[in-house]
Structures are given as C-alpha cells and as structure tokens.
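*Asks:*
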Amino acid sequence: MNWTEITIKVPQRDTDLAAAIANMTVPYGIYIEDYSDLEEKAEEIAHINLIDESLLAKDREISLIHIYIAETDNAMEALEFLKERLTASKIWFEVESI
C-alpha cells in the first residue's frame with residue numbers, strides 16, 4: 006500500500022493540541038518529533054550525556070507532527086481539515102511536506 010506523508014511544523018508549546026487535531030485525521034496514530042527535552046531525557050533514560058550532533062542541532066522550539074494517509078483515503082481532504090482546525094485553534098503552523 007502507498008502512503009502520503011503530511012508533516013506539520015508547530016510551536017513546541019502547541020504540540021499537544023496540534024497532535025490531538027492531527028489524530029482526528031487518521032485512525033492509526035501519528036508520529037511526533039519534539040526535541041525540547043532531549044538532553045534531560047537522554048540523561049534520565051540512558052544515564053549518558055553523549056548525544057549525536059545532528060540531534061543536538063534540532064530546533065527545540067518546534068515540533069514536527071507526521072501523519073500518514075493511506076492511498077485509499079483523501080490526503081488533500083485531511084490536509085484541509087488540519088489547516089481549518091489549526092487555524093481555528095490559533096496555532097501557527099507550516100506544512101513541511103505532502
């Protein structure tokens with residue numbers, strides 16, 4: 006099966022609300038990239054402070070929410086829904102890819 010990936014860029018502070026909106030578009034979940042607490046979590050979980058430079062370079066103020074739409078579903082309809090709901094919720098966003 007082929008999938009369409011939609012990636013929405015939002016401020017980290019709005020991640021929870023934006024993720025809740027994104028979850029309304031697909032029945033099988035979403036993937037969130039949020040590096041705001043990367044260093045603390047690495048120390049807490051792995052008890053190390055060695056983190057790959059590419060991860061350290063990630064923007065801590067932005068989250069990326071990935072949504073995967075099956076080819077049998079309407080990706081453009083899902084995208085329009087996302088745009089409408091994020092705008093109504095006064096969340097700044099950018100569509101990174103589709």
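Okay, so the sequence shown: first residue is 6 according to the numbering used here, each after it adds one.
Ideal placement from N, C-alpha and C gives every residue a C-beta, glycine not left out.
Please read these numbers as outputs of a predicted model, since none were measured by experiment.
Examine chain C for any beta-carbon lying closer than 8 Å to the beta-carbon of T77, and answer yes or no.
*Replies:* Within the model displayed, chain C is absent; a lone protein chain is all it includes.
*Asks:* So, A67 versus P16, is the Cβ gap smaller than 8 Å?
*Replies:* With the sequence shown as reference, residue 67 is identified as Ile, and Ala is not the correct amino acid for it. A contact, by the Cβ cut-off of 8 Å.
*Asks:* In the DSSP assignment, what residue or residues form a beta bridge with D39?
*Replies:* According to DSSP, D39 bridges with S68.
*Asks:* Find the nearest neighbour of Y73 within the set K14, T92, K88, N28, judged by alpha-carbon distance.
*Replies:* The option with the nearest alpha carbon to Y73 is N28.
*Asks:* Looking only at its chain, what residues have a beta carbon closer than 7 Å to the beta carbon of E38, apart from the 5 residues adjacent to it on each side?
*Replies:* Counting only Cβ-Cβ distances below 7 Å, and skipping sequence neighbours, we find S68, L69.
*Asks:* Output the boundary residues of the beta strand (DSSP E) element that contains I151.
*Replies:* Nothing about residue 151 can be read from this structure; the chain reaches only from 6 to 103.
*Asks:* Buried or exposed: which applies to A23, given that a residue is buried once 16 or more other Cβ atoms fall within 10 Å of its Cβ?
*Replies:* Buried is the call here.
*Asks:* Classify I74 as helix, strand or coil using the three-state DSSP reduction.
*Replies:* If DSSP states are grouped into helix, strand and coil, I74 belongs with the strands.
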